[in-house]
Amino acid sequence: EVQLQQSGAELGKPGTSVKLSCKVSGYNIRNTYMHWVNQRPGKGLEWIGRIDPANGNTIYAEKFKSKATLTADTSSNTAYMQLSQLKSDDTAIYFCAMGPIYSPFAYWGQGTLVTVSS
Amino acid sequence: DIQMTQSPSSMSASLGDRVTITCQASQDIGNNLIWFQQKPGKSPRPMIYYATNLANGVPSRFSGSRSGSDYSLTISSLESEDMADYHCLQYKQYPYTFGAGTKLELK
Chain A
19 EVQLQQSGAE LGKPGTSVKL SCKVSGYNIR NTYMHWVNQR PGKGLEWIGR IDPANGNTIY
79 AEKFKSKATL TADTSSNTAY MQLSQLKSDD TAIYFCAMGP IYSPFAYWGQ GTLVTVSS
Chain B
714 DIQMTQSPSS MSASLGDRVT ITCQASQDIG NNLIWFQQKP GKSPRPMIYY ATNLANGVPS
774 RFSGSRSGSD YSLTISSLES EDMADYHCLQ YKQYPYTFGA GTKLELK
């Protein structure tokens, strides 16, 4: 069974950074792309970017290029996303998601709530 | 970026109704579209892949179709467990983009 286990809720002060994790079991992350998606309170889903864990190549949505940094550790089968220069607007649930080429986004983490507040 | 215009933003329907939700793509995305269902406090669940293919375990009352740049998710006979938010996602071109979502409620 494929499972994506995300790290716990974060409370960050404005101007600081947080690093979220997404540990995968039952699937080798070298064989997929890991996507990150956010959802602000009461809003829709927003694609942040993706990483190819096999080689570290990343693609970001324009608005997240200076906000998010995606990395992956294939030895621990874990993906990470660092969010920098936190603002109140970054308060959201952040999801990791992946899947095989014929069914991308088949598997999702449970989400990590990031709250930005002084 | 490709814009996905989803409608309606919300709707209420009765059990047994036929329900259709639509996403219109601003550029050609072929059939590279996924429909997700999301219930409160849960992660999205893929329902339809490649515009028309039912994901594993999804009831057959769900279907996806395409007409030009318009993509539709149809529930043939609404059941109570179908009350949720629905989102479309295009994965033809980066950046991937979601529709704004549709909240489906019981009338």
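Top line first, the protein sequences correspond to chains A and B. Using my numbering, the letters of the first sequence correspond one by one to residues 19 to 136. Using my numbering, the letters of the second sequence correspond one by one to residues 714 to 820. Using N, Cα and C, we set each Cβ at its ideal position, and we do this for glycine too.
Rounded to the nearest whole angstrom, the CA to CA distance from Tyr125(A) to Ile111(A) is 16 Å.
Spanning the alpha carbons of Gly30(A) and Arg58(A) requires a straight line of approximately 15 Å. At least 9 Å separates the CB of Arg774(B) from every CB of chain A. Between Ala124(A) and chain B, the shortest Cβ-Cβ separation is below 9 Å.
Counting only Cβ-Cβ distances below 9 Å, Ala79(A) has contacts in chain B at Asp714, Tyr807, Pro808, Tyr809, Thr810, in chain order. For a Cβ distance threshold of 7 Å, residue set Pro122 of chain A lies close to Tyr804(B), ordered along the chain. Residue state for Ile715(B) is assigned as coil, using DSSP reduced to three classes. Taking the Cα of Lys37(A) as reference, the smallest distance to any Cα among Leu88(A), Phe123(A), Arg68(A), Glu80(A) is reached at Leu88(A). Distances from the CA of Ala27(A) to each of Ser39(A), Gly33(A), Thr34(A) were compared; the closest alpha carbon is that of Ser39(A).
At a cut-off of 9 Å between beta carbons, Ile734(B) makes no contact with chain A. In the structure shown, Asp798(B) adopts extended strand secondary structure according to DSSP, grouped into three states. Remark: C-beta atoms of Met52(A) and Ile69(A) approach each other more closely than 9 Å. At least one CB of chain B lies nearer than 9 Å to the CB of Gly62(A).
Taking 9 Å as the cut-off, the Cβ atoms of Gln128(A) and Leu63(A) do not count as close.
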